[in-house]
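**Q** Sharing a structure with you now.
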Amino acid sequence: MPRKRAAGFDNQRELIIEQAATLFARNGFPGTSMNEVAQACDLSKASLYHYVSDKYQLLMYICEGHIERLCALVDEVGSQQLAPEERLRLMVQRFVEEYADAQNEHRVLTEDVRFLNEADQQRILGGERKVVDAMAQAMIAVRPELDASKMAKPLTMLLFGMINWMFMWLKPDGELTHARMAAVVSDLLFGGIGAVRLEEIGSNQGNEDSSQLSSNVRSKGRK
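Numbering (our numbering), first residue to last: 11 to 233.
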């Protein structure tokens, strides 16, 4: 008969996964040991193995969990009865919000997925394809001729290029918020640089200099 899990088992494992994501994001998957994960969780190494089998399983939990949340996001937005532009703007907003709350997980997904075996990588990539396809379809709904021109996917990848790496430079406690940047991305997408509403950025409108810009930017390179 299988041993019954303690009531807090799943919660403790989620905390372990969160700590592992922080360490992997900072030091890389190869550069992080299970001893370091155990120490970050205030657990013995033996206790840690009660919740996860090895470091590889932690990487799988992080990547799968993040991509599952992104897939759920596009499903939730897609289920709403919205006009095409409104749906695309909401999708951009939700992605920026999700990345703001999952910066470590997103970094692990983008940089450490290569350490998974081929079968596991393909499963993760299948989720990523679903996300990209959903965004591409949202773009086609706004401009149907994109479908025949085969430009929906390239434009989608350009859009993700703006969103995916925002965590590398946007300072969480800076003047520019993730919510504000989501609106900037959508305005830029729909109207070009002339459509970005500058009056909403800060109090010194039109007077930003390099020192002000740098206050919103940070280096996130791994040590």
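Ideal placement from N, C-alpha and C gives every residue a C-beta, glycine not left out.
If you draw a straight line from the C-alpha of residue 211 to the C-alpha of residue 117, how long is it?
**A** The residue you call residue 211 lines up with position 201 of the sequence shown. The residue you call residue 117 lines up with position 107 of the sequence shown. Because the pLDDT at residue 211 is just 46, under 50, the model does not fix this residue reliably, and the point stays unresolved.
**Q** When you compare the CB of residue 30 with every CB in chain C, is at least one pair closer than 8 Å?
**A** This model lacks chain C altogether, as it is built from one protein chain only.
**Q** Determine the direct distance from the alpha carbon of residue 43 to that of residue 97, and round the result to whole angstroms.
**A** On the sequence shown, residue 97 is found 87 positions in, with the first residue counted as 1. On the sequence shown, residue 43 is found 33 positions in, with the first residue counted as 1. If I take the Cα positions, the gap works out to 42 Å.
**Q** Use the C-beta contact count for residue 45: other C-beta atoms within 10 angstroms, 16 or more gives buried, fewer gives exposed.
**A** As a working note, residue 45 is residue 35 in the sequence shown. So residue 45 ends up on the exposed side.
**Q** Taking just the CA atoms, how far does residue 111 sit from residue 175?
**A** Position 165 of the sequence shown, counting from 1, holds the residue named residue 175. Position 101 of the sequence shown, counting from 1, holds the residue named residue 111. Each residue's alpha carbon lies about 14 Å from the other.
**Q** Could you please give the first and the last residue of the uninterrupted alpha helix (DSSP H) stretch that includes residue 182?
**A** Residue 182 sits at position 172 when you count from the first residue of the sequence shown. Note, residue 182: premise wrong, no alpha helix (DSSP H); not H, not E.
**Q** Which residue spans inside the region 97-159 form an unbroken alpha helix (DSSP H) run of at least 4?
**A** Runs found: 113-122, 128-152 and 155-159.
**Q** Is DSSP giving residue 171 helix, strand or coil here?
**A** Stepping through the sequence shown from its first residue, residue 171 is reached at position 161. Residue 171 falls in the helix class under three-state DSSP.
**Q** Excluding sequence positions up to five away, which residues of its chain have a Cβ less than 8 Å from the Cβ of residue 58?
**A** Reading the sequence shown from its first residue, position 48 is the one you call residue 58. The residues are 26, 44, 47, 48 and 51.
**Q** How many angstroms separate the CA atom of residue 191 from the CA atom of residue 142?
**A** Position 181 of the sequence shown, counting from 1, holds the residue named residue 191. Position 132 of the sequence shown, counting from 1, holds the residue named residue 142. Taking the straight line from one Cα to the other gives about 20 Å.
**Q** Would DSSP call residue 40 helix, strand or coil?
**A** Residue 40 sits at position 30 when you count from the first residue of the sequence shown. Three-state DSSP puts residue 40 in coil, outside helix and strand.
**Q** Should residue 183 go down as buried or exposed, given a rule of 16 or more other Cβ atoms within 10 Å for buried?
**A** On the sequence shown, position 173 is the one that residue 183 refers to. Classification of residue 183: exposed, given that the 10 Å Cβ count is below 16.
**Q** Go to residue 82, then tell me how far its alpha helix (DSSP H) extends in each direction, as first and last residue.
**A** Walking along the sequence shown from the start, residue 82 turns up at place 72. Looking at the DSSP string, the run of the alpha helix (DSSP H) that includes residue 82 is 65-88.
**Q** With DSSP run on the structure shown, which of helix, strand or coil describes residue 30?
**A** Sequence index remark: in the sequence shown, residue 30 carries index 20 (1-based). Of the three classes helix, strand and coil, the one that applies to residue 30 here is helix, per DSSP.
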